[in-house]
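Scroll down for the structure; my scribbles are underneath it.
Chains as they are written, first to last, in the working numbering: chain A, 750 to 1076; chain B, 7 to 347; chain C, 105 to 417.
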């Protein structure tokens, strides 16, 4: 039988073996969804749809799960994860919107308007920012920006105004969103720059030859034609923002609190915690069945969020293809 | 031809016709003649570009400053001890080793899998729907948060069949955390990058190279092995370097699947394998634990470890540039900022 | 040259002494026949096919001067591409720029609307005037609305046909005009470009779905939308099939009534059909410049004579 293996591989065999390895990848994803769903089921079963609602202090509920031990009762599974979901949506939304504007302007700068010397500086900087680990961002955040906000930006008056509900100490929506924006911007810049470079120069030249200035020509022709690439970058960036756990856990103040827009400016300074950060922080207690089910439920939600994003971006790209917008 | 005299005149643009008295002055396209919205946009664009540079340089300078301030060579070689007194709590040798081991395990698993998948997708790819499914699948993996992968890894490796990969308690409960399990999940983190680089490299090889090989009587398998793969070596290395950078910088999987302990904690008896089956920590978990968010409160240690981590990650990411410039890399130039993806 | 085949023989006759068959016969080419040159067509008499496309009679008055070039010199880096060219561009006339590849005719065209400024290494000397004003002292976007350009490869934007034509109109002025106000201008431009009948009910279709010839006419319509005074055309038909080429040449002859047209072409027959004045350039120098009948029929410079007779290209 060793003879068989030693013979030069036929194409058939090579194809089958390589294909099998490739399909392994698909199986991994399939298993991922199935296994996580199975483990998450008890939490959804015990809470029903109210899992997504607000049922009081999430931190208290989580503590209870940790202490519930190996045989939790149904009451121990109680969880109203709304504050966490809300926090995730809030930080991700703010980061993506700010990041989109920031990255689009930067990308146009890199492609068209930057002087050569500055362009040679910016491109490595973008790659550098993409490479910095999230824990380093978190470290700078927690050692520099959180004290900055806590001691210098938040006024005592603001602290007093919410002191019966929550304590303000610097770890906040503001710092989380801003650092998250910086983290996801390089991804969007990379996709947008590639997309802009792929647009034929003849279009831009034609627009300029019609008497339109370079800025408008860039926006109305090139950026418009590069929309699929920009969208692809935004989708990947959103997925990254959704799943960011460590950095958020370090700078967000880490309280299962839903920041209240009605508080005015103080809203920005209120602490919060996202789904991903919650999972990471409670990972050590994952052996308690109640906690395990809840954490898997949160992970499942994040997984679905990513899948929905991929599907959504594919759907949005379809009508854009009609006008010959490049893919 | 329609009579044009009945149409009203076009709105005339407000463009001045300046003249110097015969003095020739090239009036380039100056921003001052643009509409107000254009000018504001232009200003914001410059602000964005400069802000980006400032942030990047700021981070590097700040970390360098703090790192050089707190980093001592002794930290790199002494083992960490759990002690509140910072002068006795040692360095971060174990986490440093942990980073190295984890990165190696992760990339060793990821690379063959990614290269095989990319080769199959580019060179075979039948049936079509399967090829597209594999590509979409890898995109989905790329977009999955690391925390979800970590949690999935835990589910998977706590099953009985994987008991050989980590510590198994007397009662049969599989711990599920070890370098092997964490490394396997880390391979998923690096997989998309190696896959994408390899695929780009293979697609960039013109078809006449393959045709020449077939014309000489070689089978497809032999062509792949002897002609195509060697020529995309640079691409594979690039992808692997990027993947390693990502593995080294990941924290969530370490916390969930490696135990994030201070010291390396081997399990079992076989030398080498026991470390892999054991738990430990990496630089990332060390930084996390020593920051105010973790248990320790040792910003100096955190800064120094973070500085070393940043150096490693930057070195890995910019090694890509050296490889691309030196090697005859196919298709690496096509994506100018591709590394950042 | 006359090509005369050898008389065919059967293989039975054509075998060498050893009996093996000889290779097939070779056709001989006779090199000693004198060269014949076709005479240039006589101008002015009608009834020739396509006479509607013939030029006006030689005696004509010149239209008003639109643009003048005085001693124009262009260099990319150290390489001088255009050397001291002086020309006049008049309304009601088509100026054809001819010459072999690399002679600078396209660069010359691109300086007329200051498109060479997009290339960082380009430098320019000499003066170009439009209606008496030095174009360097005009705001460049205003200049480009008065001097429009059509490119070699049709480059419609990835938008609908209407949006393409309305593009220049939308982006000028300080307020974006409403779509309804733009409709008559788009209609007019498409009519002038001869495209209206074909696409009048398809205005919101994507422009990239049109055929090559239609796309080029769309680009012409787009260039006409802002009612320029001068239309520059850089080999507009070289990427098109003969039928579309004919359509566009007819179009040029119609357009020249209201505009000054400058067309760069490497197709001598096209230059003859379409041009009123012809400028022949060679390696950056303006070798000959005059009326088309004179440049093609009785060229003064020997190089011109060689070029128009096809001795080099």
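C-beta: ideal position from N, C-alpha, C; glycine also.
| Check | Outcome |
| --- | --- |
| Beta-carbon proximity list for residue 197(B), same chain, < 6 Å, skipping 5 on both sides | 116, 120 |
| Residue 99(B) and residue 82(B) closer than 8 Å at C-beta | yes |
| Backbone CA spacing between residue 1018(A) and residue 1059(A) [nearest angstrom] | 32 Å |
| Beta-carbon proximity check, residue 395(C) vs residue 329(C), cutoff 8 Å | no |
| Which of helix, strand or coil DSSP assigns to residue 993(A) | coil |
| Cβ neighbour criterion (16 or more within 10 Å) applied to residue 920(A) | buried |
| Cut-off 8 Å between Cβ atoms - residues of its own chain near residue 31(B), not counting five sequence neighbours on either side | Low local confidence applies: a pLDDT of 37 at residue 31(B) is under 50, so the model's placement there is unreliable, with the coordinate-based value given in what follows. For residue 31(B), where only same-chain residues beyond five positions count, there are no Cβ hits under 8 Å. |
| Counted within 10 angstroms of its Cβ, other Cβ atoms place residue 373(B) as buried (16 or more) or exposed | Only positions 7 to 347 of chain B appear in the structure, and residue 373(B) is not among them; the question remains open. |
| Partner residues on chain A for residue 125(B), Cβ-Cβ distance less than 7 Å | 767 |
| 8 Å Cβ cutoff, residue 86(B) in contact with chain A | no |
| Contact between the region 1015-1033 of chain A and the region 871-878 of chain A (3+ Cβ pairs under 8 Å) | no |
| DSSP-derived helix/strand/coil call for residue 69(B) | helix |
| 8 Å Cβ cutoff met for residue 1048(A) and residue 153(B) | yes |
| Interface flag, residue 286(B) vs chain A, CB-CB below 8 Å | no |
| Per-residue DSSP class, three states only, for residue 189(C) | strand |
| Presumed contact (8 Å Cβ cut-off) between residue 199(C) and residue 366(C), rounded CB distance | 5 Å |
| Within 7 Å of chain C by C-beta, residues of the region 858-886 of chain A in sequence order | none |
| Unbroken stretches of the alpha helix (DSSP H), 4 residues or longer, contained in the region 151-222 of chain B | 152-163, 185-210, 213-221 |
| Residue from 283(C), 315(C), 335(C), 279(C) whose Cα sits closest to the Cα of residue 296(C) | 335(C) |
| According to DSSP, residues forming a beta bridge with residue 252(C) | 335(C) |
| Euclidean distance between Cα positions of residue 14(B) and residue 361(C) | The predicted model places residue 14(B) with a pLDDT of 41, which falls under 50 and marks its position as unreliable; any figure quoted below should be read in that light. Near 20 Å, if we compare the C-alpha coordinates of residue 361(C) and residue 14(B). |
| Chain C within 8 Å of residue 1062(A), Cβ atoms only | no |
| Distance between residue 270(C) and residue 368(C) (C-alpha atoms, nearest Å) | 26 Å |
| Within-8 Å CB hit, residue 257(C) to chain A | yes |
| Inter-residue Cα distance where the pair is residue 57(B) and residue 258(B) | 29 Å |
| Neighbouring residues, chain A, relative to residue 222(C) (Cβ below 8 Å) | 954, 957 |
| Residues that residue 326(C) contacts on chain A, provided the C-beta gap is smaller than 9 Å | 955, 959 |
| Local Cβ density within 10 Å of residue 163(B), reported as buried at 16 or more and exposed below that | buried |
| For residue 386(C), the residue or residues it bridges with in DSSP | 389(C) |
| Beta-carbon proximity of residue 929(A) to residue 990(A), cut-off 8 Å | yes |
| Contacts of residue 251(B) in chain A (Cβ-Cβ under 8 Å) | 880 |
| Buried or exposed by the 16-neighbour rule on C-beta atoms within 10 Å, applied to residue 373(C) | exposed |
| Nearest-angstrom Cα separation, counted from residue 389(C) out to residue 249(C) | 29 Å |
| According to DSSP, residues forming a beta bridge with residue 226(C) | 180(C) |
| Distance, residue 788(A) Cα to residue 866(A) Cα | 54 Å |
| is_contact[residue 331(B), chain A] using C-beta, thresh 8 Å | no |
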